[in-house]
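One structure is given here, and the rest of the page talks about it.
Structure representation (structure tokens):
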């Protein structure tokens, strides 16, 4: 499926307001999916290094790219513990629901990986020791 074409079909064919890119090498395609005046939030490189982006492209299309690294925010053990406590508090109180798509025995890790690679699942895939 051409995800850029699908994204551009939103908003009457203009594209989407914001694209969140954690893949990296798809950064230019994420920009192409955003509407004129849209934004891309770049926050990972799971698929490899991002391409260089020409600032002229951004200017000509009134688009912006922003990003960040979690390690710039989680700067100490205390900060990590505070944020983890907040997250697990939300989960414990039912304020945040975690979708578990599948559970696998640890010995079946290859099957879990194959499921993730298939891109047919939404939610967490758990390995159970």
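Numbering (this note's numbering), first residue to last: 4 to 132.
For every residue, glycine included, the Cβ atom is placed at its ideal position computed from N, Cα and C.
Minimum Cα-Cα distance from residue 10 among the listed residues 27, 29, 37, 129 corresponds to 37. Taking every protein chain shown into account, the CB of residue 12 has fewer than 16 other CB atoms within 10 angstroms, so this residue is exposed. Three or more Cβ pairs closer than 8 Å define a contact, and the segment 51 to 67 meets that threshold against the segment 26 to 37. Within the model, the alpha-carbon separation for residue 97 versus residue 114 is close to 30 Å.
For residue 109, the CB contacts under 8 Å within the same chain, skipping 5 residues up- and downstream, are 130, 131, 132 in chain order. Excluding its 5 nearest sequence neighbours in each direction, residue 106 has C-beta neighbours in its own chain below 7 Å: 129, 131, listed in chain order. Under the three-state reduction of DSSP output, residue 35 falls in the helix class.
Assigned with DSSP and collapsed to three states, residue 67 falls in strand. By a beta-carbon distance limit of 8 Å, residue 30 contacts residue 56. Their separation comes to about 7 Å.
Nearest in C-alpha terms to residue 19, of all of 66, 58, 4, 102, is 66. In this model, residue 72 and residue 111 are separated by some 32 Å (Cα to Cα).
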